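J.:
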Amino acid sequence: MKTKFSMQEAVVNLWDKLDGWLNALILKLPNIVMAIIVIVLFYFLAKGVRKIFRKYLLKKISQKSIQDIMAKAIFLTVILIGFFIALGVLELDKVLTSILAGAGVVGLAVGLALQGTLSNTFGGVVLSFLPRIRINDYIETSSTSGFVSEISLRNIILRRPDNNYVIIPNSKFVEDSFINYSLSERTRIEVKCGVGYESDLQKVEDLVVELITNNFKQNEDEYVEFFFTEFGDSSINFMVRFWIDMVKSKQEHAARHKAIKLIRSKFDQENINIPFPIRTLDFAKNNLQIKSNKLEKDA
């Protein structure tokens, strides 16, 4: 049997529904007011927390752009906490559960889609907090070396000694090993050379150690080390190691340059030979072969 539509009944039902909503709104009014107060309080709390982080913690990060992003992340985190508390005050637990579930799914999808970008971003944050690397430090990786020019959320930029810039993704840089020459002011370097087999080896050692000690200051617990290393093809080779002030590669080159000139000059004064490689060519067999061929032709 077909039910007859009644406009009057529909209006009554609609009014009853609106009346129920109004009653529920009146009953929930204290909760709504409390939720608004919570949101406002957490807004000001977020601003205060951001200010404190900027003043005491984020200033340790050298990059201004990273400071701003971290400050925004802190601000949004506190706001989200206040938002979830406000939902709890409104007794919207089911809505809160749905939001968290949806956020989890969306976060997973975004994470998979932007895996490389997020890896670089996380690497940038890690680098910013590392005390072992700072702007203007001279570092050397497995593939390049240079001064740290910039650390962003995506990559690290190195200025090489030839004034060209190398851009390295943060994820790649964090996973690789590197040497930071700027962390310590003193570095030990070595200079290699060779002397003729006729040389007085003890005299060579004493001269080189005295020469390096007098021209390169060695601090406490630092000293010049001298070692003969091998019998070479035309010389007896040695290595001398000593400490220098070094926070960039140019200082190493300058110290080695100075040491080589001093050693060469001192050896010249003492008539100590620094031989160059000698090759002896024996043509005796070839001459015999040539003479033999000539005799056969004459016959």
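As numbered in the working numbering, residues 1 to 299 make up the sequence shown, in order. The beta carbon of each residue, even a glycine, is placed where N, CA and C say it ideally should be. Remember, predicted model here, so these are calculated numbers, not experimental data.
Report the rounded CA-to-CA distance for Val38 versus Tyr181, giving the unit in angstroms.
T.: Roughly 51 Å between the two C-alpha positions.
J.: Here's the rule: buried if 16 or more other CB atoms are within 10 angstroms of the residue's CB, otherwise exposed. What is Ala254?
T.: With fewer than 16 Cβ atoms within 10 Å of its Cβ, Ala254 is classed as exposed.
J.: Distance, Cα to Cα, Ile272 vs Ser171?
T.: Cα to Cα, the separation comes out at about 53 Å.
J.: Considering only C-alpha positions, which residue in the set Asp245, Leu76, Tyr138 is nearest to Asn159?
T.: Reading the sequence as shown, one finds Arg at residue 159 and not Asn. The residue with the shortest Cα to Cα distance from Arg159 is Tyr138.
J.: Quick one: grab the DSSP three-state call for Asp268.
T.: Reduced to three states, the DSSP call for Asp268 is helix.
J.: Report all residues from its chain with a CB closer than 6 Å to the CB of Ala113; omit the five preceding and five following residues, and keep chain order.
T.: Its pLDDT being 47, under 50, Ala113 is placed unreliably by the model, and the measurement read from it follows with that caveat. Excluding positions up to five away in sequence, the list is empty.
J.: Taking all protein chains shown into account, decide if Tyr214 is buried (16 or more other Cβ within 10 angstroms of its Cβ) or exposed.
T.: Reading off the sequence, residue 214 comes out as Asn, not Tyr. Asn214 is exposed by the Cβ-count criterion.
J.: So, with DSSP's three-state summary, where would you put Leu158?
T.: The answer is strand: DSSP assigns Leu158 an E or B state.
J.: For Glu140, which residues from the same chain have a beta carbon less than 6 Å from its beta carbon, with the 5 sequence-adjacent residues on both sides left out?
T.: Correct list, in chain order: Ile179.
J.: What are the boundary residues of the alpha helix (DSSP H) that includes Asn273?
T.: Looking at the DSSP string, Asn273 is not in any alpha helix (DSSP H), and its letter there is neither H nor E.
J.: Is the beta carbon of Leu45 less than 9 Å from the beta carbon of Val78?
T.: Taking 9 Å as the Cβ cut-off, Leu45 and Val78 qualify as a contacting pair.
J.: Could you compute how far the alpha carbon of Ser184 sits from the alpha carbon of Gln202?
T.: So the two alpha carbons sit approximately 34 Å from each other.
J.: Given this structure, state the Cα-to-Cα distance separating Pro161 from Gly146, to the nearest angstrom.
T.: Between Pro161 and Gly146, the C-alpha separation is close to 6 Å.
J.: For the alpha helix (DSSP H) that contains Val204, what are its first and last residues?
T.: Its alpha helix (DSSP H) spans residues 201-215.
J.: Spell out the partners DSSP gives Asn237 in its beta bridges.
T.: DSSP output for Asn237 lists Gly194, Glu230 as bridge partner(s).
J.: First and last residue of the alpha helix (DSSP H) that includes Val174?
T.: Run containing Val174: 170-175, per the alpha helix (DSSP H) assignment.
J.: Decide if Ile301 is buried, meaning its Cβ has at least 16 other Cβ atoms within 10 Å, or exposed.
T.: Any property of residue 301 remains undetermined from this structure, which presents the chain solely from 1 to 299.
J.: In the DSSP assignment, find the beta strand (DSSP E) that holds Ser145 and state where it starts and stops.
T.: Counting along the chain, the beta strand (DSSP E) containing Ser145 begins and ends at 145-151.
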